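Colleague: Start counting the sequence shown at 1; every next residue gets the next number (full-length UniProt numbering).
Here it is, the structure, as structure tokens.
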Amino acid sequence: MGRRWDADSDSDGNRTGDASRPRAPPGCLQVIPSPSGAGGRAAVLPRGCRVSPQPPPSQAVRLESVRPQRVRYLLVVRPEEAGAEGQTVLLGVDFPHEGSTRCTLGMVLPLWSDTQVFLDGDGGFSVMSGGQTRIFKPISVQTMWAVLQELHRACEQAARGGHIPGGPALLWARDYAAALSSEQSCLNEWLAMADLESVRPGSPQPSGPAVPELTEQAVRALLRDVLASADLESVTSKEVRTELERRTGRSLAQHKDFIDNEMLLVLAQMDRPSCVFPHLYLGSEWNAANLEELQQNRITHILNVAREIDNFFPALFTYMNVRVYDEEAAELLPHWNDTFLFLSDVKARGGRALVHCRMGLSRSAATVLAYAMKEFGWPLEQALRHVRRCRPGVLPNPGFMRQLDFYQGILSASRHSVLWEPRAAERGSQPEAEEAAPGDEGALPEPRAPSPQPPEEASRQPAGPGLSGAPQRPRISLCAVMRSISLMESPQPPELLGEPLGGAVLGAVMTVARGNPAAHQVLVDSWPDFAVVLTRLRPEELADPGDFYANQLTAFYREEGAWRAVLGNPEAVDWSRAFQMQGMQDGVHEAVSEVAAAKGLRVKAFRYRAMLSPEPPQSRAQIPAGLRLAPLSPSHVPLLNATWSFGGTGRSRRFLEGLVRALPSACLLDPRGRPLSWSLVDPLGCLSHGYTVPAWRGRGLSGLVLAALGRGLHARGFPLYCGVLPCNAPSLRALHAAGFLPQPGTLYMLLSTPR
């Protein structure tokens, strides 16, 4: 049995009992009797903390248990100290039997900013936070509704607070994590996952063995045991099935096909894990379930990258879970920073990790590839060569390969970026784990939103009479439910604020990631949760302080206060130099104008309609006889400079020459090699400088050039966007005909020039 805390109390709430009993450490657990009407149970509270208002302190949310005699409670706990507002931890408490005043702590789950709550459609819900998932089933609908309301508020507060693992928030929760003391069977129940296809053996029942339900999960587990002890060189399928029947006490003749298929799967998994690096092994479900092999390889940590596979030995190894299915729609990329930190910590501790999924070929392989790319600075192709040398069958699915390619762009961008000082709220308490991952510095993460979950099967048919399969139910987001309720209760639907990562910012990041020909850099105010993203020309590249053509910046923010603080930071924005700033948020324009006015500077604003093409542009026009498509050359720059409305100066000529030499372009040349229609890409990845000489207008040349340039950009992963003045009706019609769609909001271009 686990270490227990006796927690008897007298009528005044003072602790009583023998002084020799082990007492709860300060800040940990005490048991407070609940008043009558609360089911005769005790609410368990941390000393110095309280259960948040709903449920009130006199109530604890009782949960179902797989063992009738065991009593389990879920607590929503917050500290009373100032400065810890909005910080919440879920505690799981185990009582050995009804009426017991002794309890142990079996589960601690801090609620981070990425917390999501899903309803399972069967009277329960799951909470995902910081890469961990826990399932709870209250025994009554009333208590479930109360705790779901509180969890919804807690999730919103955690998101606003920007609480991230390893940050300064929720440090007090470490005392609880260190005080876990429930016995292993209780811990296993708190760690249980729904819809698992491969599970660890159940803990023995103290009241005696019970006849187990014959499920696919049970047969898979038994099949692994049978094959592990069999002579694979001589054993037959019939002998395996006979042994399974002996162990189950049932006939499995009707399930021969199922057993044969599972046998082939298990045999395919039985290869030894592949040593990719001295501290990292890549393997399969079989390798994760083979305790002897794990111990022989001196494995200390296991990274389970599978939604359907259990953690087989939670008492013996340190686990991390990434719960996704092997489907193209599944999102692995949002997890790769956390998996990198996990594997880096294993290496720093001198341990060894097994990374596995079902077969060790797709999900886990993609995660190992992402780790290798970041740890060693390898491009995807080099990482793939190395991992395939170690494990030849590695083949991530196409969706994971696309995410790896995008991750390669993020890592490339991070090597050209700068990390500013952390926000004031995070200063002075940076985790050591951040220092272990220098590749994160300045990398641009995707906008933080609830991580999309892989689609789950609506149902799973039983394999046949006597062999039941567990149905998989689609999960319902608590956030969506609460939002629907608020819409029904409110006569005016609340405004839902989105986070449009403007094309200018995204385009600039993609340009940096594709070789950075314009010598820009990506900056964020903090990592991994950022409030501001800024891209700019490297300061050392700007020789002329008055050159606003070259000195281009883009901005995107989530918090206006943080954005204004960035504008006031001379290391971020140098107001002594001329620059142009682009962004698609009204606050970009407003804040730049106000700060400039306070400094006595001039800002001129240009407002464009943003146009975006989700697919490569199309043109029905045919190239006229005698004309040919080609990229622009430096010899064409004088013509471009003379026809550009912002051109005609030495600075504009230098700028255009830099674009032509470094970035993609397209034009139609006449037989003498003179450009008749052209378009370029600027350092922000924006289609720009579209022009057709007057004598050739109205013949579809601009559409031909746009389609040629757009196909090349789309193939390289660039967003296809541009900005057009609202009064430029011909260009708007041409873009619409080519498949471009208007985007909500305004694309601002702000010119700041010192007096």
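C-beta: ideal position from N, C-alpha, C; glycine also.
Since we're looking at a predicted model, the values are computed, not measured.
Between the alpha carbons of Pro96 and Asn297, how many angstroms are there, rounded?
Modeller: Going by the C-alpha atoms only, they are around 37 Å apart.
Colleague: Please identify the residue among Leu380, Arg653, Ser633, Asp682 whose C-alpha is closest to the C-alpha of Leu553.
Modeller: Among Leu380, Arg653, Ser633, Asp682, the Cα nearest to that of Leu553 is on Asp682.
Colleague: If you measure from the CB of Val76, is any heavy atom of the ligand FMN nearer than 7 Å?
Modeller: What this structure holds is no ligand at all, so the ligand FMN is not there to describe.
Colleague: Near Pro314, what residues of its chain come up, given a Cβ to Cβ distance below 7 Å and the 5 sequence neighbours on each side ignored?
Modeller: Excluding residues within five positions, the ones whose Cβ falls inside 7 Å are Leu187, Asn188, Leu191.
Colleague: Which value, in whole angstroms, describes the spacing of the CA atoms of Arg352 and Val108?
Modeller: Roughly 25 Å between the two C-alpha positions.
Colleague: Could you give the first and the last residue of the continuous beta strand (DSSP E) run that contains Phe579?
Modeller: Where Phe579 is concerned, the enclosing beta strand (DSSP E) stretches over 579-583.
Colleague: Which value, in whole angstroms, describes the spacing of the CA atoms of Gly283 and Gln618?
Modeller: Roughly 46 Å between the two C-alpha positions.
Colleague: Thinking C-beta only, is Val355 closer than 8 Å to Leu280?
Modeller: A contact, by the Cβ cut-off of 8 Å.
Colleague: When you compare only the Cα positions, how much space is there between residue 775 and Tyr691?
Modeller: Because the chain in this structure spans residues 1 to 755, residue 775 falls outside the shown range and cannot be described.
Colleague: My assumption, with CB atoms under 8 Å, is that Ala605 sits in contact with Leu750. Please give the rounded CB distance.
Modeller: At roughly 5 Å, the Cβ-Cβ gap stays under 8 Å, so Ala605 and Leu750 are in contact.
Colleague: Could you give the distance in angstroms between the alpha-carbon of Pro570 and the alpha-carbon of Val603?
Modeller: Their backbone Cα atoms lie some 17 Å apart in a straight line.
Colleague: Where does Ala353 fall in DSSP's three states?
Modeller: In this structure, Ala353 counts as strand in the three-state DSSP scheme.
Colleague: Rank Cys155, Phe556, Gly124, Pro110 by C-alpha distance to the C-alpha of Ala177 and give the top, closest one.
Modeller: Looking at the Cα atoms, Pro110 is the closest of the given residues.
Colleague: So within the segment 66-109, which uninterrupted beta strand (DSSP E) runs reach at least 3 residues, ignoring any that extend past its ends?
Modeller: Runs found: 71-79, 89-95.
Colleague: Would Val276 and Val387 be called neighbours here (beta carbons separated by less than 8 Å)?
Modeller: Contact: yes.
Colleague: In the structure shown, what three-state DSSP assignment does Phe136 receive?
Modeller: Strand at Phe136.
Colleague: Under 6 Å Cβ to Cβ from Phe530, same chain only, skipping five residues before and after it: list those, please.
Modeller: Hits under 6 Å: Val524.
Colleague: Can you find the residues in the same chain that come closer than 6 Å, C-beta to C-beta, to Leu680, ignoring five residues on each side of it along the sequence?
Modeller: Contacts found: Leu659, Ser665, Ser688, His689.
Colleague: Per DSSP, what kind of secondary structure is Val322 in: helix, strand or coil?
Modeller: Note: Val322 maps to coil in three-state DSSP.
Colleague: Under the DSSP definition of a beta bridge, which residues are partnered with Met128?
Modeller: Answer by DSSP bridge pairing, in chain order: Gln116, Thr133.
Colleague: By Cβ distance, which residues of its chain are closer than 7 Å to Val394, with the 5 residues on each side in sequence left out?
Modeller: Within the same chain, Val394 has close Cβ partners Leu361, Ala365, Val387, Arg388.
Colleague: Rounding to the nearest angstrom, what Cα-Cα distance links Ala348 and Leu656 in this structure?
Modeller: Ala348 and Leu656: Cα-Cα distance of roughly 49 Å.
Colleague: Tell me whether Thr746 is buried or exposed, calling it buried when 16 or more other Cβ atoms sit within 10 Å of its Cβ.
Modeller: Looking at its Cβ environment, which holds 16 or more other Cβ atoms inside 10 Å, Thr746 is buried.
Colleague: Under a three-way DSSP split, which group does Asn304 fall into?
Modeller: Note: Asn304 maps to strand in three-state DSSP.
Colleague: Given a cut-off of 8 Å on the beta-carbon distance, is the pair Arg607 and Val724 in contact?
Modeller: No, the pair does not count as a contact, with Cβ atoms beyond the cut-off.
Colleague: Does the segment 330-340 come close enough to the segment 396-412 to have 3 or more Cβ pairs within less than 8 Å?
Modeller: The segment 330-340 is in contact with the segment 396-412.
Colleague: Compute the Euclidean distance between the alpha carbons of Leu669 and Gly685, then round it to the nearest angstrom.
Modeller: When rounded, the distance between both Cα atoms is 24 Å.
Colleague: Would Ala289 and Phe312 be called neighbours here (beta carbons separated by less than 8 Å)?
Modeller: Cβ distance < 8 Å, so Ala289 and Phe312 count as in contact.
Colleague: Specify the secondary structure class of Leu676 as computed by DSSP and reduced to three states.
Modeller: Three-state result, Leu676: strand.
Colleague: How many angstroms separate the CA atom of Val533 from the CA atom of Thr339?
Modeller: Their backbone Cα atoms lie some 24 Å apart in a straight line.
Colleague: From the beta carbon of Pro168, is the nearest beta carbon of chain C less than 8 Å away?
Modeller: Of the protein chains in this structure there is only one, and it is not chain C.
Colleague: For the beta strand (DSSP E) containing Phe340, name the first residue and the last one.
Modeller: No beta strand (DSSP E) holds Phe340; the alpha helix (DSSP H) holding it covers 336-348.
Colleague: Whole angstroms are fine: how far does the CA of Ala179 sit from the CA of Ser100?
Modeller: Roughly 20 Å between the two C-alpha positions.
Colleague: Exposed or buried, what is Lys374 when buried is set at 16 or more other beta-carbons lying within 10 Å of its beta-carbon?
Modeller: Buried, by the Cβ-count rule.
Colleague: Starting from Phe556, trace the beta strand (DSSP E) in both directions and tell me its first and last residue.
Modeller: Segment 552-557, the beta strand (DSSP E) holding Phe556.
Colleague: Could you check where the alpha helix (DSSP H) with Lys374 kicks off and where it finishes?
Modeller: Where Lys374 is concerned, the enclosing alpha helix (DSSP H) stretches over 363-376.
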